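Each remark here refers to the structure printed beneath this line.
In the numbering used here, the protein residues as written are 6 to 562.
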């Protein structure tokens, strides 16, 4: 195939840089890319027809492997179907490479099929984009292609991680053998670590020592055992708040933010106010902690991140510290030593009281969404990955104490309904661990196309909590007070989870009570090498009332 050296460069540079997972959606314009990647056994190539699903499968792979998967698609609207995943990767800082075939520029806007303006199509939700020259005509253009491909990989992986886009305009013919490219140019960024300067260490250390109430909030991130060890010492005197998706769970931290915060009296709310707030990691699920800290503001708020920009959800940000959290807390703790523990001890007493009331309530809780999460949190084993769909599943999960050694993931970059099945599937495809997806019925059906492929792994378990609609709209304020709750917010549906399972060739089970659920979960755990779908039927009219009763019970303790 003459005139496609640029495609050979793409394949060669990605191979040299170790990018092995290639997710291909079928087409004709991208034929040279398909032929190039599939011809080399180094690459693990997956054929996924639905580009929207393919995008989230790539996110799942990126979350697990901390390196980008590459998406390959044809020209036209196929590329646009990646956009939900691109936006999610952008806001969640997940590495992702999008490679799109395109028509030559002189055909754009001239009435040809599968042709749109693909330049800048993902702006402003992209870290980097470039166009690859199909057939470079001299050494300078060859070097330019290599530089652009390397730059894309580097921008996806380093510092402010996220999605990048390489567009490849190509003329016909599109089929045949690609030219060889044996010596790809490499431009890598070396890993370094930054420490606080002596003056910064002195300045931050002084504030740290003078703060009687230090609160640390860990956002969404992967587990970091080295950071754990440092924070275990800090947790002796600081209040460290985590969520399931923080993946930083150890003795002395507070894992259930809403369970602790929502029932607080006025006296407790004032007591809970920090002098110094330190945050690190990604998105925070709890709306309550954001609202609380806007009202009960700290004197200072430091955000720790390798990036030089940071959101300000608490309206109190004073310092952005571009350093890895491990190095920051290690330096500061060694510099300052232990601090006053009385505030931490008072909050610990409140939390212990909440935990006792939680157990007391759950002992008499009837069949509901609440009870589903009690069973899952008590049965799912360490060493498991759990993917949580948005809306009610991610919120319910925060109220329960899960076993140590479970890793949690969720699409909290944009927090949309899209892609939860695909993301879990992508993680399972590159994992040895068992991956559990816990989703509601609407999110499951919305992304059911994820199961329409031939790459379903044997280590995926799907839990569908079916309360016949979007249960979140009965929980949040607003929708339940309207006359159109069921038709236009909750969106009642009667689709069949069982039929989706059958059409995908996946074993199906159903549970309609706590006893059935416990039995089903134990059985699924024993069959760790078999993909299964478990549908759990819960009473939609009672779920929201049970949650309200739960928080009232905690508040009246």
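C-beta: ideal position from N, C-alpha, C; glycine also. These numbers were taken from a predicted model, which means no experiment stands behind them.
Within 7 Å, strictly: CB atoms of residue 404 and residue 264: yes
Proximal residues to residue 86 (C-beta, below 6 Å), its chain only, five neighbours per side dropped: 56 and 57
C-alpha distance - residue 183 paired with residue 509, whole-angstrom precision: Straight-line Cα distance between these residues: approximately 36 Å.
Between the CA atoms of residue 511 and residue 466 - distance to the nearest angstrom: If you take the alpha carbons of residue 466 and residue 511, they lie about 10 Å apart.
8 Å Cβ shell around residue 507 - same chain, five flanking residues per side excluded: Short of 8 Å from the beta carbon of residue 507, and not among the five residues preceding or following it, lie these beta carbons of its own chain, in chain order: 513.
Segment contact, 8 Å Cβ cut-off, at least three pairs: the stretch 231 to 245 with the stretch 357 to 376: no
CA nearest to the CA of residue 406, picked from 417, 415 and 387: 387
Entirely enclosed beta strand (DSSP E) segments - the stretch 373 to 432, minimum 3 residues: 390 to 393 and 412 to 414
Beta-carbon contacts of residue 59 that lie in its chain and below 7 Å, excluding the five residues immediately before and after: 28, 30, 53 and 76
For residue 42, the first and last residue of its enclosing beta strand (DSSP E): It is not in any beta strand (DSSP E) - residue 42 instead sits in the alpha helix (DSSP H) that spans 36 to 43.
Per-residue burial, residue 275 [other beta carbons within 10 Å of its own, 16 or more giving buried]: exposed
Cα-Cα separation, residue 498 to residue 545: Within the model, the alpha-carbon separation for residue 498 versus residue 545 is close to 12 Å.
Residue 114 classed as buried or exposed, judged by whether at least 16 other C-beta atoms fall within 10 angstroms: Around the Cβ of residue 114, a 10 Å sphere holds fewer than 16 other Cβ atoms; the residue is exposed.
DSSP state of residue 466 mapped onto helix, strand, coil: strand
Beta-carbon contacts of residue 169 that lie in its chain and below 6 Å, excluding the five residues immediately before and after: 102, 132, 133, 157, 160 and 161
Per-residue DSSP class, three states only, for residue 190: coil
Inter-residue spacing [alpha-carbon to alpha-carbon] between residue 18 and residue 313: 29 Å
Whole-angstrom C-beta distance between residue 80 and residue 107, which should lie under 8 Å: 5 Å
Inter-residue Cα distance where the pair is residue 13 and residue 92: 29 Å
First through last residue of the beta strand (DSSP E) which encompasses residue 289: Per DSSP, residue 289 is not a residue of any beta strand (DSSP E), being assigned neither H nor E.
Residue 180 - containing alpha helix (DSSP H), residue span: Residue 180 -> no alpha helix (DSSP H), and no H or E assigned at all.
Burial state of residue 373, where buried means 16 or more other Cβ atoms lie within 10 Å: Residue 373 should be labelled buried.
Opening and closing residue of the alpha helix (DSSP H) in which residue 529 lies: 519 to 531
Rounded C-alpha distance that separates residue 418 from residue 98: Their backbone Cα atoms lie some 8 Å apart in a straight line.
Own chain residues within Cβ distance below 7 Å of residue 411, not counting five before or after: If we look at residue 411 and ignore the five residues flanking it on each side, its Cβ neighbours are 385, 387, 389 and 391.
Pick from 326, 287, 271 and 315 that is closest to residue 300, judged by C-alpha positions: 271
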